[in-house]
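Engineer: First residue of the sequence shown: 1, per full-length UniProt numbering; consecutive thereafter.
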Amino acid sequence: MIEDLRNALKVLSMSIGRRHKAEAIWIFGAVVVCSMVSAVIPLILQYVLDSLSQKSSTFIYLLAAMAGFVWLSQCGKDYINGRAQIFVHETNSKLGEEYIKGVLKCGTNTIIDKGAAYTVQALNNAKASNNTLIQSALQSIAPTIFEMAVAISVLLATGNYVVTSVILVYILLFGLISRRFIDALSRVFRQCIFFNMETAKRVNGIVSGIETVKILNAKNIIIEKYNVDNNKLINAWRDFYKKNLSLSLAKSTLFIVIFLGSLWFTGRKVIAGSIGIGEFVMINTYLFQVCRPYESLLQTIGNVIESFAGYKPLIDIIRLSEIDGYKSRNISIHSRPSLKLESICYRYGESEGIDDVSMTFKPGTFNVITGSSGSGKTTLIKLIMRLIRPQSGQVEYGGVNIYNIDDDIFHEKFSLVTQDLGIFNESLEFNLRVANPNASDLDLYEALSKAQLSYLVDRSPEKLGIIVGERGLKLSGGERQRLTIARIFLRNPDVIIFDESTSSLDYKTERYIIEEIKKTFSDKIILMIAHRDSVIDSADNVFTLEKGRLENV
1 MIEDLRNALK
11 VLSMSIGRRH
21 KAEAIWIFGA
31 VVVCSMVSAV
41 IPLILQYVLD
51 SLSQKSSTFI
61 YLLAAMAGFV
71 WLSQCGKDYI
81 NGRAQIFVHE
91 TNSKLGEEYI
101 KGVLKCGTNT
111 IIDKGAAYTV
121 QALNNAKASN
131 NTLIQSALQS
141 IAPTIFEMAV
151 AISVLLATGN
161 YVVTSVILVY
171 ILLFGLISRR
181 FIDALSRVFR
191 QCIFFNMETA
201 KRVNGIVSGI
211 ETVKILNAKN
221 IIIEKYNVDN
231 NKLINAWRDF
241 YKKNLSLSLA
251 KSTLFIVIFL
261 GSLWFTGRKV
271 IAGSIGIGEF
281 VMINTYLFQV
291 CRPYESLLQT
301 IGNVIESFAG
311 YKPLIDIIRL
321 SEIDGYKSRN
331 ISIHSRPSLK
341 LESICYRYGE
351 SEGIDDVSMT
361 FKPGTFNVIT
371 GSSGSGKTTL
381 IKLIMRLIRP
391 QSGQVEYGGV
401 NIYNIDDDIF
411 HEKFSLVTQD
421 LGIFNESLEF
431 NLRVANPNAS
441 DLDLYEALSK
451 AQLSYLVDRS
461 PEKLGIIVGE
471 RGLKLSGGER
481 QRLTIARIFL
491 RNPDVIIFDE
501 STSSLDYKTE
511 RYIIEEIKKT
521 FSDKIILMIA
531 HRDSVIDSAD
541 NVFTLEKGRL
551 ENV
């Protein structure tokens, strides 16, 4: 419970900026005024009924006053509801921005381990929890507390001590019952959140691998796996609603006993002539105004406490980003530095990885790294790109450990092109501009031309606006590779790494693109993982890896 509260406060601090704090104070002030207006309506109703029974001429004025208060109360609630909705959307937008920043600080392996669906669902859960917390606080919890406080004050001021005492006993008893149920509901709700995220992860895996599922005719086993996850989710929700129903039955029974007791007690006082019909109505209206909202209040507080569980997945990822992220340090790097690997070691458990590898790459050189499958080539690239950390040894750039370089500076100087570098379901222009938002249209055309991809624009009426599809599936394998290569021509990094980025290209196209790369980045450090002799023959240096060790240079 305490940890859940800490998580909620941390997420709220991410969601609410200075402007949002001022907005929250304004809305809260409106809540206080509106609640006080609503709370005095039963008292005005008593005066209306009393004046009516006495056939007093003040009846019409009191009735007009009551209508005005009711109108103000309703308009105030509508205003608060609208402002609260806008406030939730604004804070969730801020939360999304901060979360994306945190995710981008995480190591790539961290996100791969969690899964894309889990990472996205973590944000959705936190937004849903924010929605529950903020709207409940502004539209239910705060107004109910103020209305209850005014109602009890009026009852005490009018000498209705017995009814007030009964109401306070009801508040105490129902609070104790609710606490027991809310603790149980909160535990079950955490399970619901967990199983819901597992189900979302399963669906994402099915959709992402739809081609594989069809080719292998694996729909039966896939559906079976989905049903197993989904049944766990359904059973968890079933348990949740059973406990929720038990709480509802308990509160309804307790309220009926209290309400019938109040009607009997105040009814006898009316018969005895101790109070008038107006006061009878006022007392029992306040009973409703305190008891029924109190039940809703506890239910709402319970829902809020349950929703705290929705913050945990997001907080877990933010904590990982704080571990994986690199601290900003004011480090200067001299011009045209070398890239140096010193006694690098990295293993995947008992599996082979990189074992005591040392290399030096100088500016203006085209370097090829080759080796059999599983020799450690891709692991080496991940170490250079800080996607994983070496278990021993270090990577230096210009004499500076790369893990001491600020994130933004590092990614300005280092760039990676892989076989499957993310292509967005957006236009061709967007997929190019992610590499350089300030590039002109002419720059985009030149990059496409160097990557032998300008014909995409030439043959399409949409020109740069052509949509490339989810993961670039509207393009061929070779076109996807050339699109990711085109991006590199829009940047000016000092170290460019290609991880088998030309494997789907024919010999002629590959040869042309490699020459363009060497010409464009003639003063840069170029690293390329490749197997083809045509690429190896064009290299200044060739490094061969076998079983994680450097065989020859």
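We put the beta carbon where it would ideally sit given N, CA and C, even for glycine. Since the structure is predicted, the reported quantities are computational estimates derived from the model, not experimental observations.
1) What does a CB cutoff of less than 8 Å around residue 415 pick up in its chain, not counting 5 residues either side in sequence?
2) Anyone know if the C-beta pair for residue 465 and residue 429 falls short of 8 Å?
3) Going by alpha carbons, who is nearest to residue 7 out of 264, 145 and 307?
4) Is the distance from the Cβ of residue 150 to the Cβ of residue 65 below 8 Å?
5) Starting from the C-beta of residue 549, find all residues in its chain whose C-beta is less than 6 Å away, skip the five residues before and the five after it, and write them out in chain order.
6) Nearer than 7 Å: is that true of the beta carbon of residue 219 relative to any heavy atom of the ligand GDP?
7) Consult DSSP for residue 542 and reduce its assignment to one of helix, strand or coil.
8) What's the gap between the Cα of residue 277 and the Cα of residue 63?
9) Going by DSSP in three states, residue 342 sits in which element: helix, strand or coil?
10) Taking all protein chains shown into account, do 16 or more other C-beta atoms lie within 10 angstroms of the C-beta of residue 42, making it buried, or fewer, making it exposed?
11) For residue 328, count the other beta carbons within 10 Å of its own beta carbon; 16 or more makes it buried, fewer makes it exposed. Which is it?
12) Three or more beta-carbon pairs under 8 Å between the segment 271–288 and the segment 178–189, yes or no?
13) Just to confirm the assignment: which complete alpha helix (DSSP H) runs, minimum length 4, are found wholly within the segment 364–436?
14) I'd like the span of the beta strand (DSSP E) that includes residue 499, first residue to last.
15) Given a threshold of 16 other Cβ atoms within 10 Å of its Cβ, counted over all protein chains shown, does residue 28 qualify as buried or as exposed?
16) Compare the Cα-Cα distances from residue 361 to each of 525, 267 and 223 and report the closest residue.
17) Can you find the residues in the same chain that come closer than 7 Å, C-beta to C-beta, to residue 379, ignoring five residues on each side of it along the sequence?
18) Compare the beta carbon distance of residue 343 and residue 376 with 8 Å and say whether it is the shorter of the two.
19) With a Cβ-Cβ cutoff of 8 Å, do residue 164 and residue 155 count as a contact?
20) Taking only runs that begin and end inside the segment 145–202, name each unbroken alpha helix (DSSP H) of 4 or more residues, in chain order.
21) Could you tell me the distance, in whole angstroms, from the CA atom of residue 92 to the CA atom of residue 408?
22) Out of 67, 48 and 87, state which residue places its alpha-carbon closest to the alpha-carbon of residue 17.
23) Cutting at 7 Å between CB atoms, please list the residues of its own chain near residue 240, excluding the five before and the five after it.
Structural biologist: Concretely, from the data shown:
1) The count along the sequence shown starts at 1 and reaches residue 415 at position 415. The answer, listed in chain order, is 488, 491, 493, 495, 496 and 497.
2) One-based indexing of the sequence shown puts residue 465 at position 465. One-based indexing of the sequence shown puts residue 429 at position 429. Contact flag set, yes.
3) Here the question's residue 7 lines up with position 7 in the sequence shown. Residue 7 has its Cα closest to that of 307, out of 264, 145 and 307.
4) In the sequence shown, counting from the first residue as 1, residue 150 sits at position 150. In the sequence shown, counting from the first residue as 1, residue 65 sits at position 65. Not a contact, by the Cβ cut-off of 8 Å.
5) Locating residue 549 in the sequence shown gives position 549, where the first residue counts as 1. Counting only Cβ-Cβ distances below 6 Å, and skipping sequence neighbours, we find 355.
6) With respect to the ligand GDP, the structure shown offers nothing to examine, as it has no ligands at all.
7) Taking the sequence shown and counting its residues from 1, the one referred to as residue 542 is at position 542. If DSSP states are grouped into helix, strand and coil, residue 542 belongs with the strands.
8) Along the sequence shown, one-based indexing puts residue 277 at 277. Along the sequence shown, one-based indexing puts residue 63 at 63. A direct Cα-Cα distance of roughly 16 Å separates residue 277 from residue 63.
9) As a first step, residue 342 must be located in the sequence shown, where it is residue number 342. Residue 342: strand per DSSP, three-state reduction.
10) Position 42 of the sequence shown, counted from the first residue, corresponds to residue 42. Residue 42 comes out buried.
11) Translated into the one-based positions of the sequence shown, residue 328 becomes position 328. For residue 328, the predicted structure reports a pLDDT of 49, less than 50, and the residue's modelled location is therefore unreliable. A value from the coordinates is still provided. Flag for residue 328 reads exposed.
12) Verdict: no, contact absent.
13) Whole alpha helix (DSSP H) segments, 4+ residues: 377–384, 407–413 and 428–433.
14) Mapped onto the sequence shown, residue 499 falls at position 499. DSSP places residue 499 in the uninterrupted beta strand (DSSP E) bounded by 495–499.
15) What you label residue 28 is simply residue 28 of the sequence shown in a count that begins at 1. It is exposed - the Cβ of residue 28 has fewer than 16 other Cβ atoms within 10 Å.
16) Walking along the sequence shown from the start, residue 361 turns up at place 361. For the residues 525, 267 and 223, the minimum Cα distance to residue 361 belongs to 525.
17) Working through the sequence shown from its first residue, we reach residue 379 at position 379. Only 346, 353 and 354 meet the Cβ criterion.
18) In the sequence shown, residue 343 corresponds to position 343, counting from 1. In the sequence shown, residue 376 corresponds to position 376, counting from 1. Cβ distance not < 8 Å, so residue 343 and residue 376 don't count as in contact.
19) Looking up residue 164 in the sequence shown gives position 164. Looking up residue 155 in the sequence shown gives position 155. Yes, Cβ-Cβ distance for residue 164 and residue 155 is below 8 Å.
20) Complete alpha helix (DSSP H) runs here, min 4: none at all.
21) Numbered from its first residue, the sequence shown carries residue 92 at position 92. Numbered from its first residue, the sequence shown carries residue 408 at position 408. The alpha-carbon atoms of residue 92 and residue 408 are separated by roughly 26 Å.
22) Within the sequence shown, residue 17 is the residue found at index 17, counting from 1. Closest in C-alpha terms to residue 17, from the list 67, 48 and 87, comes 87.
23) In the sequence shown, counting from the first residue as 1, residue 240 sits at position 240. Only 185, 188, 189 and 192 meet the Cβ criterion.
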